[in-house]
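Protein chains: 2
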Amino acid sequence: MSAPLPLSLRQLQYVVAVADARHFRRAAEQCAVAQPALSTQIAALEEALGVRIFERGRGGVTLTPAGEALVARSREILRASEALVQEARRHQDPLAGTLRLGIIPTLAPYLLPELATRIRQDLPALVPRWVEERTRGIVAALQEGRMDASILALEADLEDLDWLELGRDPFHLAAPRGHALAEGRGPVGLGALEGERMLLLEDGHCLRDQALSACSGARVEELGYRATSLPTLVQMVASGAGLTLLPRSALATEAARAPVQVRPLEEPAPFRTLVLAWRRGSFLSEAAPRLAGVLRRGVEAVLRETP
Amino acid sequence: MSAPLPLSLRQLQYVVAVADARHFRRAAEQCAVAQPALSTQIAALEEALGVRIFERGRGGVTLTPAGEALVARSREILRASEALVQEARRHQDPLAGTLRLGIIPTLAPYLLPELATRIRQDLPALVPRWVEERTRGIVAALQEGRMDASILALEADLEDLDWLELGRDPFHLAAPRGHALAEGRGPVGLGALEGERMLLLEDGHCLRDQALSACSGARVEELGYRATSLPTLVQMVASGAGLTLLPRSALATEAARAPVQVRPLEEPAPFRTLVLAWRRGSFLSEAAPRLAGVLRRGVEAVLRETP
DNA sequence: CTTGTTGATAGCTTTTCATTATCAAAAACA
DNA sequence: TGTTTTTGATAATGAAAAGCTATCAACAAG
Chain A
-5 MSAPLPLSLR
5 QLQYVVAVAD
15 ARHFRRAAEQ
25 CAVAQPALST
35 QIAALEEALG
45 VRIFERGRGG
55 VTLTPAGEAL
65 VARSREILRA
75 SEALVQEARR
85 HQDPLAGTLR
95 LGIIPTLAPY
105 LLPELATRIR
115 QDLPALVPRW
125 VEERTRGIVA
135 ALQEGRMDAS
145 ILALEADLED
155 LDWLELGRDP
165 FHLAAPRGHA
175 LAEGRGPVGL
185 GALEGERMLL
195 LEDGHCLRDQ
205 ALSACSGARV
215 EELGYRATSL
225 PTLVQMVASG
235 AGLTLLPRSA
245 LATEAARAPV
255 QVRPLEEPAP
265 FRTLVLAWRR
275 GSFLSEAAPR
285 LAGVLRRGVE
295 AVLRETP
Chain B
-5 MSAPLPLSLR
5 QLQYVVAVAD
15 ARHFRRAAEQ
25 CAVAQPALST
35 QIAALEEALG
45 VRIFERGRGG
55 VTLTPAGEAL
65 VARSREILRA
75 SEALVQEARR
85 HQDPLAGTLR
95 LGIIPTLAPY
105 LLPELATRIR
115 QDLPALVPRW
125 VEERTRGIVA
135 ALQEGRMDAS
145 ILALEADLED
155 LDWLELGRDP
165 FHLAAPRGHA
175 LAEGRGPVGL
185 GALEGERMLL
195 LEDGHCLRDQ
205 ALSACSGARV
215 EELGYRATSL
225 PTLVQMVASG
235 AGLTLLPRSA
245 LATEAARAPV
255 QVRPLEEPAP
265 FRTLVLAWRR
275 GSFLSEAAPR
285 LAGVLRRGVE
295 AVLRETP
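If you read the sequences in order, they're chains A and B. FYI, in my numbering the residues of the first sequence are -5 to 301. FYI, in my numbering the residues of the second sequence are -5 to 301.
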């Protein structure tokens, strides 16, 4: 590493002040210190650099060529230092500046458009950097500090992350048009799924596990094929390959673009809990409720869109 | 003026060290301080900026987004600071870097080519900024610190400048071809000028006063016309308007390009003393003899060129 | 359940930086 | 010319900052 620098920012301030005032006393006044303090500091700097910066004598204080160059660089350094302080001020509110946000793939396409808009409106100083990843990867990224906060579904092992609830996302039954269970619009009991063939996502998606446990009461058959995404899954259902459980958040988008019939499940309907999670004790902790509030309104809006 | 900055270069060094090592203890080792010193300084900086820079916890030390930005700026500032120190080192020798040099107009055209070459060869680190001005202006510029050193002729009022001799520049008689005094090549006595019409430079050139005092013994007549430069003066002589005294330094150049006859003056021949002058006590003081040595060799070379 | 590692904290010492008082040199004034 | 004023440098001293050693609490690894 670099050796300790033989100069201080204060010394540079003093040098610039003298260069501007061409007068030690007035410069000291500008710096709000006594004149000897300034004289001593400048002498110390000249000693440390081995260079005369000022020429003291008749005709007042003048700069040596070396001093001329050093003053120019000093101004540059001081400007950069003030910029650093400004930057820090901008970051004082954790909800200003860049924030690395994660979201799971079964939520991203349905929530992101709405959430991005909400953030732009309600937290204009925030610059979100969205990363789409599955729960496992998100938890690791949060733990390791590669990510600041994330939107995911509970019943995952969040180790020691903190979280706040954003909303409850109930499951609906999706069936191909013409299927027996596609008749009627009222709630369907889970018992009706008995013996039906169910389509699920591939391993690694928390939604897969949640859907499985929702069906756990009914003896259903899982198809060999496992979809890589919700849109694919819905396409499969539409083509008559089987049934599936869809979270309400996906309904407005998915039911609109594929010929599937959707029906709610009978109360108490199974649901997944959407949360905002962050590393416990992270810089976000205090501001997390504010962020969660904004996101919650977005999530609620999406859940209300259900046809 | 700017308020005192709430941060120190050392703090920035510590921050960068921790960011690099992602480890307080190792960073402290790199900085050659005990770990608590580093912890305290970083805590103080975080307090001063009102921003968490590092996230301490499982998985080691990580940067907050604010920290990421601050570290980048810190690196920038530290780099600039080291550059400043480097710059100072380059200026430690006053004969390295820029030097503002003055020279009087009656020397400039004859000495500068030679001197510039000598400096380039013998003081390669020196970057001379030549300014041509008359003695009066040069003395003022030196006093006021607008110039660092100058080449001029003595018998000027140098007030409290210091100086070193560079050489003696004896006067020669210049006459038009065919003029009575142009016969023969041997030394001419000043008495021979009795009653001759002399051409001189305009007011303000020290050479004018020096030539006048050289002729003071002989009753000569000065022409109404006063030349603005030595080349002009020589042209006037060549055209038969009169005689003049030329310093030897100008002979090689002037006698070669105008049809004038040049003869030395009888011993003890009048001369002007060429010196290097600088502000007493200026940063140049210690290095002036070295500079003068280089210049003296150049001046001697020019004076030897005489045909 | 110990053991080793992390960064934070406490108590004390050293260093740094500032203060006031004063000086010598140089301008400015009379 | 001699005084007065103004300049930056210096000395003595006190307060603040930053360092050190020792120790702590939290956590991970045996």
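Idealized CB from N, CA, C, for every residue including glycine. Bear in mind the structure is a predicted one, so any value in this text is a computation, not a measurement.
{"query": "DSSP bridge partner residues for E49/A (one or two, in chain order)", "result": "T56/A"}
{"query": "Residue-level contact to chain B via CB, L302/A, 8 Å cutoff", "result": "With chain A represented from -5 up to 301, any question about residue 302/A goes unanswered, as that position is not in the structure."}
{"query": "Against chain A: residues of the segment 80 to 92 of chain B by CB proximity under 7 Å", "result": "E81, A82, H85, Q86, G91, T92"}
{"query": "Extent of the continuous alpha helix (DSSP H) to which L193/B belongs", "result": "Not the alpha helix (DSSP H): L193/B falls in the beta strand (DSSP E), residues 191 to 195."}
{"query": "Which residues DSSP lists as bridging F265/A, in chain order", "result": "P164/A"}
{"query": "Neighbouring residues, chain B, relative to T34/A (Cβ below 9 Å)", "result": "Those do not exist, as T34/A stays about 16 Å from chain B at its closest Cβ, beyond 9 Å."}
{"query": "Contact under 8 Å by Cβ, G198/B with R128/B", "result": "yes"}
{"query": "Length of the line joining the Cα atoms of E153/B and V288/B", "result": "25 Å"}
{"query": "Residue range of the alpha helix (DSSP H) that includes I132/B", "result": "129 to 137"}
{"query": "Buried versus exposed, by CB contacts within 10 Å (16 or more), A249/A", "result": "buried"}
{"query": "Cβ distance (whole Å) where L64/B is taken to contact A82/A below 8 Å", "result": "6 Å"}
{"query": "Residue of Y8/B, L194/B, T111/B minimising C-alpha distance to A205/B", "result": "L194/B"}
{"query": "Below-8 Å beta-carbon distance, R46/A vs any chain B residue", "result": "yes"}
{"query": "Which residues DSSP lists as bridging P258/A, in chain order", "result": "H166/A"}
{"query": "Span separating the alpha-carbon of G131/B from that of I71/B", "result": "41 Å"}
{"query": "Complete runs of the beta strand (DSSP E) confined to the segment 192 to 250 of chain B [at least 3 residues]", "result": "215 to 221, 238 to 241"}
{"query": "Outcome for Q137/A when other beta-carbon atoms lying within 10 angstroms are tallied against a minimum of 16", "result": "buried"}
{"query": "Where L106/A falls: helix, strand or coil (DSSP)", "result": "helix"}
{"query": "For A147/B, the residue or residues it bridges with in DSSP", "result": "L268/B"}
{"query": "Boundaries (first-last residue) of the alpha helix (DSSP H) holding P304/A", "result": "There is simply no residue 304/A to check, as chain A begins at -5 and stops at 301 in what is shown."}
{"query": "Opening and closing residue of the beta strand (DSSP E) in which V12/B lies", "result": "Note, V12/B: premise wrong, no beta strand (DSSP E); alpha helix (DSSP H) at 3 to 15."}
{"query": "Partner residues on chain A for A77/B, Cβ-Cβ distance less than 8 Å", "result": "R67"}
{"query": "Local conformation of D302/A per DSSP, three classes", "result": "The displayed coordinates of chain A run from -5 to 301. Any statement about residue 302/A would go beyond what the structure contains."}
{"query": "Beta-carbon neighbours of T238/B, restricted to chain A and to distances below 8 Å", "result": "Going along chain A, no residue has its Cβ under 8 Å from T238/B, so there is no contact; the nearest lies around 37 Å."}
{"query": "Selected residue, minimal CA-CA separation from G234/B, among F277/B, A174/B, R284/B", "result": "A174/B"}
{"query": "Chain-ordered neighbours of A60/A on chain B, where CB pairs are closer than 7 Å", "result": "A82, H85, G91"}
{"query": "Proximity of L1/B and D142/B at Cβ, strictly below 8 Å", "result": "no"}
{"query": "Three-state secondary structure assigned by DSSP to G292/A", "result": "helix"}
{"query": "I132/B at chain A interface by Cβ criterion, 8 Å", "result": "no"}
{"query": "Alpha-carbon to alpha-carbon, P170/A and E299/A", "result": "21 Å"}
{"query": "Spatial distance of A38/A from Q7/A (CA atoms)", "result": "14 Å"}
{"query": "Stretch-stretch touch, CB-based, cutoff 8 Å, three pairs: the segment 253 to 269 of chain B with the segment 156 to 170 of chain B", "result": "yes"}
{"query": "Endpoints, the beta strand (DSSP E) within which R94/A is located", "result": "91 to 97"}
{"query": "Reference G185/B, options R179/B, A208/B, E177/B, closest by Cα", "result": "A208/B"}
{"query": "Alpha-carbon to alpha-carbon, R84/B and I36/B", "result": "33 Å"}
{"query": "Three-way DSSP call (helix, strand, coil) for L64/B in this model", "result": "helix"}
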